[in-house]
Structures are given as C-alpha cells and as structure tokens.
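Read the structure below first, then the notes.
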Amino acid sequence: MTQQDWTKVDDYMVGALLAPDPVLNQALADSAAAGLPAIAVAPNQGKLLQLLAQMLGAERILEIGTLGGYSTIWLARALPANGRLVTLEYEARHAEVARKNIARAGLAAQVEVKVGAAVDLLPTLSGPFDLVFIDADKASNPDYFAWALRLSRPGSLIVVDNVVRGGGVADPAGDANIRGIRRMFEMIAAEPRVSATAVQTVGSKGWDGLCMIRVLD
Ligand code: SAH
Ligand code: DHB
Ligand code: MG
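Numbering-wise, our numbering puts 38 at position 30 of the sequence shown, and it's gapless, one number per residue.
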C-alpha cells in the first residue's frame, strides 16, 4: 500500500461522511496562501477531535500548536456557548492567520490565541482543562505532557498528535522529535494518575499516530 492508496481512501471517507465545510476549507486555503506548512490535521482527524470533545462534554479546551487554526475550529465548534478554548502558538505570523480563520468561523469570542513558546505560556494558564490537544514541536512533548497533566482534572483527556512519524517512533536512535515522543511515552507509562494508549494511522497525512491519555478519577 502506498501514500496514493491512503489518500484515495481518506478522500473517499471524507466525501462520504463529512459535510462540505466552506469555512474550514477557506481556513486551509488562507493558511496555504500565507505560506504556512500544510500540516493541519486531516478533516477526518479534526472530526475525531470534535467528537471526543463532545463525548467529554468539554467546556474548557487547551491546544498546544495552533498553526492556522484548523484543528482549533474543529475543537471549538464542540464547545457550548459558555465554553472556552485557549491555543498556544510560537509564530506570530501563524497566530495572525489563525485569528482571522477563527473569527470567520464565528468563534472569536470563545477562542484565545496566545503567542509565545508554549513552555513560557503554560505556567501562566489556570486549569482545569477538560481536553488538551498537544500538536506543536515534538521534542517538547515531555514538557507538554507534564503541563497537560498539571492543568487537567480527573476525567480529562490528553490527545497527542504525530506520535508515529512514519514509523520513526520505534527507533531508539531517532532525532530530537522521536526522542521527545519516546520520553513522553516513558513518562506516561510511569505515571499512575493516567491510563493511555497509542494507535497508528495511515491516510492523507501519511503514516502517523495518535496517543490518548485519560486522567484517572
Ligand atoms: N494543530 C494544528 C497544527 C499545528 S502545527 C492543526 O492541526 O491545524 C504545529 C504548530 O506548532 C506550528 O504552527 C508551530 O509554529 C507551532 N510551534 C512550534 N514550536 C512551538 C512552541 N515551542 N510553542 C508553541 N508553538 C509551537
Ligand atoms: C509535522 C507537524 C505536525 O503537527 C503534523 O501533524 C505533521 C507534521 C511536522 O512538523 O513535520
Ligand atoms: Mg500534528
């Protein structure tokens, strides 16, 4: 099986199951026009994040890694009227694109985009968050997991994107990103307050995976 096959099936499933969404499509188009990398979650992955947030009844969501706000919009649409999402982004240029996309989605009042290195912003936040989506620089995943746990409550869910990276995660001699993912897995395994799994995915974004961590009651 090749990337072409995975993309064909993703395109089919997105077409079959997801309603056409001009606001989300425009968010991707404007992100591309502004020169942002095309690394947002796939539509069917965004929908998964939204379903998870809805299942949790999430009212407070934290996202680490905004890019153009594509996953942000999927997640924020799951919020009730009084719900709030905070998203952290290092690149001011990305945050600017994201704010426009979020405003066009009618979510500006519920979403706050904070600009800076996530490790500097996280200590300024007050939890608890019901759902944390970790999707920034993978080398810092150990720090992000520790902060997500600190900012959560029993029953919170932490979702981490890109934990497989084309199979790289299984290589103990991987680069800084792989080492960050593997160190995070070690922390999760040693942490009695959580229950976790990770699954591989193939699709329009290649061979990758998601880690899901539930904070125990
Ligand atoms: N969640 C987005 C994709 C995020 S891509 C989506 O699916 O739509 C990763 C983002 O993390 C990039 O915009 C990058 O600039 C940002 N990032 C990288 N290092 C960071 C850091 N140290 N702190 C905060 N954001 C960072
Ligand atoms: C990259 C980052 C992501 O968050 C992603 O989903 C895919 C790729 C990257 O930095 O290459
Ligand atoms: Mg990602």
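Ideal Cβ placement from N, Cα and C applies to all residues, glycine included.
Since this is a predicted model, take the numbers as computed values, not measurements.
Bridge partners for residue i per DSSP, in chain order?
| i | result |
| --- | --- |
| Phe153 | Paired residue(s): none; Phe153 is not in a bridge. |
| Met220 | Val167, Thr205 |
| Val119 | Leu93 |
| Val210 | Trp215 |
| Phe141 | Glu71, Val167 |
Output the distance between the C-alpha atoms of residue i and residue j, rounded to the nearest integer angstrom.
| i | j | result |
| --- | --- | --- |
| Arg201 | Val223 | 6 angstroms |
| Ala184 | Gln12 | 29 angstroms |
| Ala204 | Ala125 | 26 angstroms |
| Gly91 | Ala66 | 8 angstroms |
| Asp18 | Ala46 | 16 angstroms |
| Arg101 | Val121 | 12 angstroms |
| Ile189 | Lys146 | 6 angstroms |
| Gly43 | Pro51 | 20 angstroms |
| Gly76 | Met192 | 26 angstroms |
| Val119 | Thr209 | 29 angstroms |
| Met220 | Val168 | 6 angstroms |
| Asp179 | Leu57 | 28 angstroms |
| Gly176 | Ile186 | 6 angstroms |
| Pro28 | Ala198 | 43 angstroms |
| Thr74 | Ala106 | 7 angstroms |
| Tyr152 | Ala61 | 19 angstroms |
| Leu129 | Val123 | 8 angstroms |
| Leu93 | Gly182 | 33 angstroms |
| Leu36 | Ser134 | 30 angstroms |
| Gln34 | Ala41 | 10 angstroms |
| Leu64 | Asp216 | 24 angstroms |
| Ile110 | Val140 | 18 angstroms |
| Ile72 | Trp82 | 14 angstroms |
Buried or exposed for residue i, please, with buried defined as at least 16 other CB atoms from any protein chain shown within 10 angstroms of its CB.
| i | result |
| --- | --- |
| Ala24 | exposed |
| Arg85 | buried |
| Thr80 | buried |
| Thr10 | exposed |
| Lys16 | exposed |
| Arg68 | buried |
| Gly54 | buried |
| Thr132 | exposed |
| Tyr2 | With the chain running from 9 to 225 in the structure shown, residue 2 is simply not present. |
| Val49 | buried |
| Val207 | exposed |
Closer than 5 angstroms to the ligand MG: residues, by C-beta to nearest heavy atom, in chain order: Asp143, Asp169, Asn170
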